[in-house]
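Comments concern the structure below.
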Amino acid sequence: RVPREAEDCQASSFIPPDNQTWWVACLIHDTSNKGYFIAYVWIRQTLVTFLPIIAVVCLNLLTLRGFMRHRKIRRDILNRQVRGQPSVMSNNREEKNLMGLLIAV
8 RVPREAEDCQ ASSFIPPDNQ TWWVACLIHD TSNKGYFIAY VWIRQTLVTF LPIIAVVCLN
68 LLTLRGFMRH RKIRRDILNR QVRGQPSVMS NNREEKNLMG LLIAV
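Residues 8 to 112, numbered by my numbering, are exactly what the sequence shown covers, in order.
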């Protein structure tokens, strides 16, 4: 069904011809071509589409930055204490795998 202008609507209620539920929209003003409506559509689309993407990217960058800082501090502490033990090597390998997973997200 196509919306009709307000002048074309004769009554506030309509009887369906085939006894099924259907709706008729009577537009008082056509706002689709107005400047403020176009601005509203663009702002709404920006907020709904791009803002969540930007938020996720920023939070991922903060997570990576904190993880890299933590990894550097941990590496400095481990280098001061013990050099070349197998447990230290496995921890570094696990950290590299975690970094790859964080970058992939």
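In this text, a Cβ means the ideal position worked out from N, Cα and C, and glycines have one as well. This structure is a prediction, so every number in the text was calculated from the model and none was measured.
**OP:** Determine the extent of the alpha helix (DSSP H) in which Asn40 is found, giving its start and end residues.
**Re:** The count along the sequence shown starts at 1 and reaches residue 40 at position 33. Per DSSP, Asn40 belongs to no alpha helix (DSSP H) and is neither H nor E.
Original post:
Whose CA, out of Glu102, Cys65, Phe44 and Ile110, lies closest to the CA of Arg81?
Top reply: Taking the first residue of the sequence shown as 1, we reach residue 81 at position 74. The shortest Cα separation from Arg81 among Glu102, Cys65, Phe44 and Ile110 belongs to Glu102.
Subject >> Leu66 versus Gly73: straight-line alpha-carbon distance, rounded >> reply: In the sequence shown, counting from the first residue as 1, residue 66 sits at position 59. In the sequence shown, counting from the first residue as 1, residue 73 sits at position 66. Here the alpha carbon of Leu66 sits roughly 11 Å from the alpha carbon of Gly73.
Subject >> Inter-residue spacing [alpha-carbon to alpha-carbon] between Gln52 and Leu109 >> reply: Locating residue 52 in the sequence shown gives position 45, where the first residue counts as 1. Locating residue 109 in the sequence shown gives position 102, where the first residue counts as 1. Distance from the CA of Gln52 to the CA of Leu109, rounded to the nearest whole angstrom, comes to 28 Å.
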